[in-house]
Amino acid sequence: MGLGEMATLTQTLSDETIELLADEFERKIEIVSVAEEEEAEPEVAADEAELAERPPVVTIMGHVDHGKTSLLDAIRETEVAAGEAGGITQHIGAYQVNRDGKLITFLDTPGHQAFTAMRARGAKVTDIAIIVVAADDGVKPQTQEAVDHAKAAGVPVLVAVNKVDKEGADPTRTRTEMTNIGLQPVEWGGETEYVDVSAKTKTGLDDLLETINVMAEVEELRANPNADASGVVIESKLDPGRGPVVTLLVQRGTLKVGDAVVSGSHWGKVRALHDHTGAKLKKAVPGQPAEVLGFDGVPEAGEPFRAVENDRRARQLATERAQRLKSESLARRSGRKVSLEDVFRRAQEEDAQELNLVLKGDVAGSVEAVEDQIAKLPQSEVHANVLHRGVGGINESDVMLAAASDAIIIGFNVRPVGEARQLAEREGVEIRTYSVIYHALDELRAAMQGLLAPEEVEHQVGEVEVRQTFRASRIGTIAGSYVRDGRVRRGDPVRLVRDGTVVHEGRIGTLRRFNEDAREVAAGYECGITLENYQDVKEGDVLEVYETRQVERELS
Ligand code: GDP
144 MGLGEMATLT QTLSDETIEL LADEFERKIE IVSVAEEEEA EPEVAADEAE LAERPPVVTI
204 MGHVDHGKTS LLDAIRETEV AAGEAGGITQ HIGAYQVNRD GKLITFLDTP GHQAFTAMRA
264 RGAKVTDIAI IVVAADDGVK PQTQEAVDHA KAAGVPVLVA VNKVDKEGAD PTRTRTEMTN
324 IGLQPVEWGG ETEYVDVSAK TKTGLDDLLE TINVMAEVEE LRANPNADAS GVVIESKLDP
384 GRGPVVTLLV QRGTLKVGDA VVSGSHWGKV RALHDHTGAK LKKAVPGQPA EVLGFDGVPE
444 AGEPFRAVEN DRRARQLATE RAQRLKSESL ARRSGRKVSL EDVFRRAQEE DAQELNLVLK
504 GDVAGSVEAV EDQIAKLPQS EVHANVLHRG VGGINESDVM LAAASDAIII GFNVRPVGEA
564 RQLAEREGVE IRTYSVIYHA LDELRAAMQG LLAPEEVEHQ VGEVEVRQTF RASRIGTIAG
624 SYVRDGRVRR GDPVRLVRDG TVVHEGRIGT LRRFNEDARE VAAGYECGIT LENYQDVKEG
684 DVLEVYETRQ VERELS
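Just so you know, we're using this note's numbering here: the sequence shown kicks off at 144 and counts up by one.
Laid out in structure tokens, this is it:
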């Protein structure tokens, strides 16, 4: 209080105040951020003797409508058919089936978005990824995405060729297409296991489960069941009748009824544990998912959890974390942001640096050309690694992949679509967009050699939405517009973006408000805009107004 801070006994102090006080009392302190504290979780003594085999955790990914959900349902039913589970199955986010006396855990929220979102939270959950590809449809954009997401995570892949019952199904052609994207079947001398299945007629499921078991054996998945439980939140919801319902996947130790648990800024005392059939459990062991009642709130999916010695400790940890999160207003990954500017500097500090990239373009040709050229850049200091390439606007899945893998996104004539830009800001992902391929290559080369010179960088100053268009005989097309963000000025350079793709670059011609010429229009206002030498503006187009600035780059 002498320092002017009116703090009560239970209040958390600012870092500076803590340091001052520590000085005063001649005590040594160390300030640990929330992220570090979580990493510093007491690692369970890796006593070889205590390690026991645990079930593999499997995620299903693939293109929409290729049968991910159907396959998950069909696999779940193998258990019911075997007469081993009673009750009504319910979706709790994960389930287990038994195959030849060995358990397999399936995460039943399919898709690479969910998978990568978890990974971006820092959670490593999946041991094996099943890529589902429909034999009548073949490799599709999200098949490629799913494969790239699994590879970026370093998770072994198994391909389930689905819908083999259908007329027009061609499992061999599917294998050829998958080989072309880097997954050569074992039977063709490659390394990837393939299984033909039909979720509809339920054929091939045995084979699929068996193959998973074989792959799991190779992975030698083990954990210590005799420790305090820890793992990851798979799903959570607020149930009107039961309160917070949280599905936890135990990764180490054993979770028991009565345990005190903490996850992020939430804590609880485990009141009840259930499996996906609704059956009561006394405990959950490594690899086992369980629905937990007793949390004081709903922690986020992907958040780690652990059991601690008692309720008091759990509550204290949760409260401390909540307060620190608030006071640091910690953007989750703010500390881990990767930008092209600091690639070389980090290479100098930590040597052998990987530069992970996600490439998106308006046409396949330009993306391929860039990928080829990137491979030819000098890779002695920094090794460039393309995690994913694709055609079309930069989407949320691209951003999450970049967030999870510390990658930079490079776009050619494409822009973020949907919520991708906001997501990138939240996750600290750098998106660099170019209209000329060798500008991108020059910058990459320069960054990789530490030569990134001061130069002009673009800075978006406004975003305008075209709501209506009018034609005036003398003036041309007038875009009746709304300034969504920032501002727009007469003569500003501008890009016209349609469905995430840049279709025109030029300048703002005239700017009018209520039939009066205006020099500038700010966010929240409507205005009429014409573009210099361009008439093909359409309703729904977005105008990106930008300016270029000289930026000095720090080089060490
Ligand atoms: P998801 O979007 O990948 O989860 O795909 P769904 O599981 O929802 O399946 C999409 C459609 O394909 C549905 O109409 C399913 O009935 C159908 N389907 C899924 N698996 C099979 C299969 O093995 N054979 C046939 N004929 N249809 C299937």
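Virtual Cβ for every residue (Gly too), placed ideally from N, Cα, C. None of the values given here were measured: they were computed from a predicted structure.
Taking Leu392 as the reference, give the member of Phe249, Leu214, Glu608 and Leu301 with the closest Cα.
Walking along the sequence shown from the start, residue 392 turns up at place 249. When only C-alpha atoms are compared, the closest one is Phe249.
Taking the alpha-carbon of Gly281 as reference, which of Leu424, Met321, Pro387 and Thr397 has the nearest alpha-carbon?
Here the question's residue 281 lines up with position 138 in the sequence shown. Ranking Leu424, Met321, Pro387 and Thr397 by Cα distance to Gly281 puts Met321 first.
Indicate whether at least one CB of chain B lies closer than 8 Å to the CB of Arg449.
You won't find chain B in this structure, because it holds only one protein chain.
Tell me whether the region 256-272 and the region 352-364 touch, counting them as touching only if at least three CB pairs, one residue from each stretch, are closer than 8 Å.
yes
Could you check the C-alpha separation between Ile618 and Thr673 for me, to the nearest Å?
Here residue 618 corresponds to residue number 475 of the sequence shown, with the count starting at 1. Here residue 673 corresponds to residue number 530 of the sequence shown, with the count starting at 1. Using only the alpha carbons, I get a separation of about 8 Å.
Which residue spans inside the region 309-392 form an unbroken alpha helix (DSSP H) run of at least 4?
314-323 and 348-362
My assumption, with CB atoms under 8 Å, is that Val329 sits in contact with Val304. Please give the rounded CB distance.
Numbered from 1 along the sequence shown, position 186 holds the residue referred to as residue 329. Numbered from 1 along the sequence shown, position 161 holds the residue referred to as residue 304. Contact doesn't hold; Cβ gap of about 13 Å is too wide.
On the three-state DSSP scale, how would you describe Pro636?
In the sequence shown, counting from the first residue as 1, residue 636 sits at position 493. In the structure shown, Pro636 sits in a strand (DSSP, three-state: E or B).
Using 8 Å for Cβ pairs, my map puts Gly430 next to Pro198. What's the rounded Cβ distance?
Position 287 of the sequence shown, counted from the first residue, corresponds to residue 430. Position 55 of the sequence shown, counted from the first residue, corresponds to residue 198. 4 Å between Cβ atoms; contact.
May I have a chain-ordered list of the beta strand (DSSP E) segments no shorter than 3 residues that lie completely inside the region 559-631?
574-577 and 598-615
Do the region 670-684 and the region 583-591 meet, that is, are 3 or more Cβ pairs less than 8 Å apart?
Flag = no, the region 670-684 and the region 583-591 do not touch.
Around the C-beta of Phe613, are 16 or more other C-beta atoms found within 10 angstroms, so that it is buried, or is it exposed?
On the sequence shown, position 470 is the one that residue 613 refers to. Exposed, since its Cβ has fewer than 16 Cβ neighbours within 10 Å.
What separation, rounded to the nearest whole angstrom, lies between the Cα atoms of Ser477 and His409?
Within the sequence shown, residue 477 is the residue found at index 334, counting from 1. Within the sequence shown, residue 409 is the residue found at index 266, counting from 1. For Ser477, the predicted model reports a pLDDT of 43, less than 50, meaning its position is unreliable; a value from the coordinates is still stated below. Ser477 and His409: Cα-Cα distance of roughly 22 Å.
CB-CB under 7 Å to Leu530, same chain, minus the five flanking residues each way: which ones, in chain order?
Locating residue 530 in the sequence shown gives position 387, counting from the first residue. Correct list, in chain order: Asp291, Ala295, Asn499, Leu500, Val501, Leu544, Ser548 and Ala550.
Would you call Pro284 buried or exposed, if buried means 16 or more other Cβ atoms sit within 10 Å of its Cβ?
The sequence position of residue 284 within the sequence shown is 141, counting from 1. Exposed, by the Cβ-count rule.
What span of residues does the beta strand (DSSP E) with Phe258 cover, start to end?
Mapped onto the sequence shown, residue 258 falls at position 115. Careful: Phe258 lies outside any beta strand (DSSP E), inside the alpha helix (DSSP H) at His255 to Ala263.
Does the distance from the C-beta atom of Val388 to that of Ala450 stay below 8 Å?
Taking the first residue of the sequence shown as position 1, residue 388 is located at position 245. Taking the first residue of the sequence shown as position 1, residue 450 is located at position 307. No. Outside cutoff.
Looking at the strands, I want to know which residues DSSP matches up with Asn499.
The residue given as residue 499 occupies position 356 in the sequence shown. The partner list for Asn499 (beta bridge, DSSP) reads Asn528 and Ala550.
In angstroms, rounded to a whole number, what distance separates the CA positions of Gly226 and Asn241?
If you number the sequence shown from 1, residue 226 lands on position 83. If you number the sequence shown from 1, residue 241 lands on position 98. With a pLDDT of 49 at Gly226, under the threshold of 50, the predicted position of this residue should be treated as unreliable, and no value is reported.
Buried or exposed for Asp418, going by 16 or more other Cβ atoms inside 10 Å?
Start at 1 with the first residue of the sequence shown, and residue 418 comes out as number 275. Looking at its Cβ environment, which holds 16 or more other Cβ atoms inside 10 Å, Asp418 is buried.
Between the region 567-575 and the region 657-667, do at least 3 Cβ pairs fall closer than 8 Å?
no
What residues in its chain sit with their C-beta under 6 Å from that of Ala563, if we drop five residues either side in the sequence?
Here residue 563 refers to the residue found at position 420 when the sequence shown is read from its first residue. Excluding positions up to five away in sequence, the list reads Ile537, Asn538, Glu539 and Val542.
From the DSSP output, read off the bridge partner residues of Asn241.
The sequence position of residue 241 within the sequence shown is 98, counting from 1. DSSP output for Asn241 lists Leu246 as bridge partner(s).
So, helix, strand or coil for Glu162, using DSSP?
By 1-based counting over the sequence shown, the position of residue 162 is 19. Reduced to three states, the DSSP call for Glu162 is helix.
Got a sec, what are the start and stop residues for the beta strand (DSSP E) Ser406 sits in?
Mapped onto the sequence shown, residue 406 falls at position 263. Annotation: the continuous beta strand (DSSP E) that includes Ser406 extends over Ala403 to Ser406.
What does the alpha-carbon distance come out to for the pair Leu152 and Ala370?
Here residue 152 corresponds to residue number 9 of the sequence shown, with the count starting at 1. Here residue 370 corresponds to residue number 227 of the sequence shown, with the count starting at 1. Distance between the alpha carbons of Leu152 and Ala370: 34 Å.
Given 8 Å as the limit, is there contact between the region 301-320 and the region 347-356, that is, 3 or more CB pairs closer than that?
yes
Report back the beta-carbon spacing between Val375 and Phe448 to the nearest angstrom; my notes put them in contact at under 8 Å.
Sequence index remark: in the sequence shown, residue 375 carries index 232 (1-based). Sequence index remark: in the sequence shown, residue 448 carries index 305 (1-based). Sure, about 7 Å apart at Cβ, within 8 Å.
Compare the Cα-Cα distances from Met204 to each of Ile324, Ser624 and Asp251 and report the closest residue.
Locating residue 204 in the sequence shown gives position 61, where the first residue counts as 1. Nearest option by C-alpha distance: Asp251.
According to DSSP, is Met144 part of a helix, a strand, or is it coil?
Taking the sequence shown and counting its residues from 1, one reaches residue 144 at position 1. The answer is coil: DSSP assigns Met144 none of H, G, I, E or B.
The ligand GDP heavy atoms versus the CB of Lys171: any closer than 7 Å?
The residue given as residue 171 occupies position 28 in the sequence shown. It does not: the Cβ of Lys171 is nowhere closer than 7 Å to a heavy atom of the ligand GDP.
For Gly440 versus Val557, is the C-beta spacing smaller than 8 Å?
Residue mapping note: residue 440 aligns to position 297 of the sequence shown, counting from 1. Residue mapping note: residue 557 aligns to position 414 of the sequence shown, counting from 1. It is not a contact, given that the beta carbons lie outside the stated cut-off.
Can you tell which of Arg464, Pro299, Tyr625 and Thr319 has the C-alpha that lies nearest to the C-alpha of Ala278?
On the sequence shown, position 135 is the one that residue 278 refers to. With distances taken between Cα atoms, Ala278 lies closest to Thr319.
So the candidates are Asn658, Glu659, Asp684 and Arg610; which of them puts its Cα closest to the Cα of Val637?
By 1-based counting over the sequence shown, the position of residue 637 is 494. Nearest of Asn658, Glu659, Asp684 and Arg610 to Val637, Cα basis: Asp684.
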